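Residue numbers (the numbering used here), protein chains in the order written: chain R, 1 to 225; chain H, 226 to 324.
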C-alpha cells in the first residue's frame, strides 16, 4: 500500500516541479508549486515525518505561497509587455542537458553508494518518531542554538524585506487626498471628565476635521519612511 | 518503500529545479525553482533521518524551511523594489546592485 501512495505522491511532486518550470504564466507556476509542496508533504508522511509534513502544508503551501501570489498579482507577471520571450534555443538545450547530466550524476551516486541501508525500507521506528513531542524535545535541547539563530534570521529577513520594499520618496502629488490615520484623531479632552462637566467651554470649540488635510502631513519626513 | 526511491525523486526534482533556474528569466520563477531545489534537499534529509532512525535530519529540514522562507522574503522584497523603480522584471537586465 505504501508503494501505491509513494508513486502517486512522487509522480505528483515531479509533475508539479515540471509544471513550475514549463508553465509560461508565473501565477500558474505558483499554483504548480503548491501542488508540488502538497505532494511532498505526502512523501514526508510516508517517511514518518508528521510534524515536518504539517509544517510544510501550513507554512510553505499556506503562508509562503500566499506571499508569492500577492507579489505575482502586484507585479503583474502575466503582463506580456514586461516579459521578454524566454531564453534562446541554445540556452534551453544547454540547460536541459545540464539538468540531465546532474540527474545522471546524482543517480550514479545514489545507486553506486556502498550504504547497504539504502536498499531497505529503513529500520522500524517507534511511533513517536517525527511527532511534535520528539521534534520539540530535539529543538529545545540538542538544537537550541540553531533554533534561536533561525528565529533571529527570520526577524532579520522580515526587517530586510520591509526596508527593501518600502516606498521611497514619500507620498506623491496624486495621493494628496488620501486619508491618513491621524485625520481621525479626536481632540484631546473628548471622553474625559472635563467634557462631562462642561469644561470644554473654556477651550476652543470642537471642529471636527480641522486637523485633517495638509496640516497633519507636513510633519512627516521628506524622504518618506 | 526503499530509501533509494526517495533519493531518486529528490535527485529528479533537484535537476528540474536547476534546469529551471537556467532557463527562466522572470526572477519570480527563478525563486520558485530555488524552492524546488531546497525541497529536493529536504526530501533527502528526511529520507536519511528515516534511514538512520534519527530525528536530527528532520530538524535540519525544518531549519532549511526557515532559511527558504527568509530567502523568499528577501527575494520578493527585491522584486517589489524593482517594480517600484520601473526596472524590467528580468534577471538578464539586472546586472548592478547599487542603490
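Cβ atoms here follow ideal geometry from the backbone N, Cα and C, with glycine treated the same way.
These figures come from a predicted structure and were not determined experimentally.
Environment of residue i [buried if 16+ CB atoms lie within 10 Å]
| i | result |
| --- | --- |
| residue 128/R | exposed |
| residue 119/R | exposed |
| residue 126/R | exposed |
| residue 101/R | exposed |
| residue 203/R | Since pLDDT at residue 203/R reaches only 49, below the 50 mark, its modelled position is unreliable, and no value is offered. |
| residue 16/R | buried |
| residue 91/R | exposed |
| residue 63/R | exposed |
| residue 110/R | buried |
| residue 113/R | exposed |
| residue 150/R | buried |
| residue 157/R | buried |
| residue 276/H | buried |
| residue 41/R | buried |
| residue 145/R | exposed |
| residue 228/H | buried |
| residue 88/R | exposed |
| residue 152/R | exposed |
Under the three-state DSSP convention, the category residue i falls into
| i | result |
| --- | --- |
| residue 56/R | helix |
| residue 12/R | helix |
| residue 26/R | helix |
| residue 48/R | coil |
| residue 307/H | helix |
| residue 320/H | coil |
| residue 280/H | coil |
| residue 88/R | coil |
| residue 185/R | coil |
| residue 275/H | helix |
| residue 239/H | helix |
| residue 134/R | helix |
| residue 121/R | coil |
| residue 313/H | coil |
| residue 39/R | helix |
| residue 267/H | helix |
| residue 226/H | coil |
| residue 62/R | helix |
| residue 197/R | coil |
| residue 190/R | coil |
| residue 262/H | helix |
| residue 153/R | helix |
| residue 141/R | coil |
| residue 6/R | helix |
| residue 76/R | coil |
| residue 250/R | This structure cannot settle anything about residue 250/R, because the visible part of chain R is limited to 1 through 225. |
| residue 299/R | Coverage of chain R is limited to positions 1 through 225, which leaves residue 299/R absent and any answer about it impossible. |
| residue 290/H | helix |
| residue 163/R | helix |
For residue i, the nearest candidate out of the options (CA to CA)
| i | options | result |
| --- | --- | --- |
| residue 47/R | 19/R, 143/R, 104/R, 131/R | 131/R |
| residue 10/R | 32/R, 101/R, 96/R, 36/R | 36/R |
| residue 263/H | 281/H, 241/H, 251/H | 241/H |
| residue 289/H | 259/H, 306/H, 252/H | 259/H |
| residue 297/H | 187/R, 197/R, 162/R, 167/R | 162/R |
| residue 137/R | 284/H, 318/H, 310/H, 299/H | 284/H |
| residue 261/H | 13/R, 103/R, 70/R | 13/R |
| residue 310/H | 134/R, 197/R, 165/R | 165/R |
| residue 160/R | 321/H, 299/H, 320/H, 307/H | 299/H |
| residue 282/H | 156/R, 157/R, 139/R, 185/R | 139/R |
| residue 94/R | 319/H, 246/H, 317/H, 239/H | 246/H |
| residue 75/R | 294/H, 295/H, 313/H | 313/H |
| residue 99/R | 49/R, 59/R, 18/R, 143/R | 18/R |
Cut-off 8 angstroms between Cβ atoms - residues of its own chain near residue i, not counting five sequence neighbours on either side
| i | result |
| --- | --- |
| residue 6/R | 43, 46 |
| residue 23/R | 29, 32 |
| residue 68/R | 30, 33 |
| residue 270/H | 282, 283, 285, 286, 289 |
| residue 65/R | 30, 33, 34, 37 |
| residue 61/R | 34, 37, 38, 41 |
| residue 53/R | 41, 42, 44, 45 |
Cβ-Cβ separation, residue j to residue i (assumed contact under 8 angstroms), whole Å
| i | j | result |
| --- | --- | --- |
| residue 253/H | residue 292/H | Wrong, their Cβ atoms sit about 19 angstroms apart, outside the cutoff. |
| residue 55/R | residue 287/H | 7 angstroms |
| residue 280/H | residue 272/H | Between residue 272/H and residue 280/H the Cβ distance is about 13 angstroms, and since that is not below 8 angstroms, they are no contact. |
| residue 236/H | residue 103/R | 6 angstroms |
Sequence-distant residues of its chain with Cβ nearer than 7 angstroms to residue i (five each side left out)
| i | result |
| --- | --- |
| residue 72/R | 26, 27, 30 |
| residue 231/H | 268, 272 |
| residue 243/H | 262 |
| residue 134/R | 128 |
| residue 255/H | 246, 249, 316 |
| residue 278/H | none |
| residue 49/R | 130 |
Neighbourhood of residue i by C-beta distance below 6 angstroms, restricted to the same chain and skipping five residues each side
| i | result |
| --- | --- |
| residue 315/H | 250 |
| residue 20/R | 29, 32, 33 |
| residue 265/H | 235, 238, 239 |
Chain-ordered residues of the stretch 239-254 of chain H with a beta carbon less than 9 angstroms from chain C: This model lacks chain C altogether, as its protein chains are R and H.
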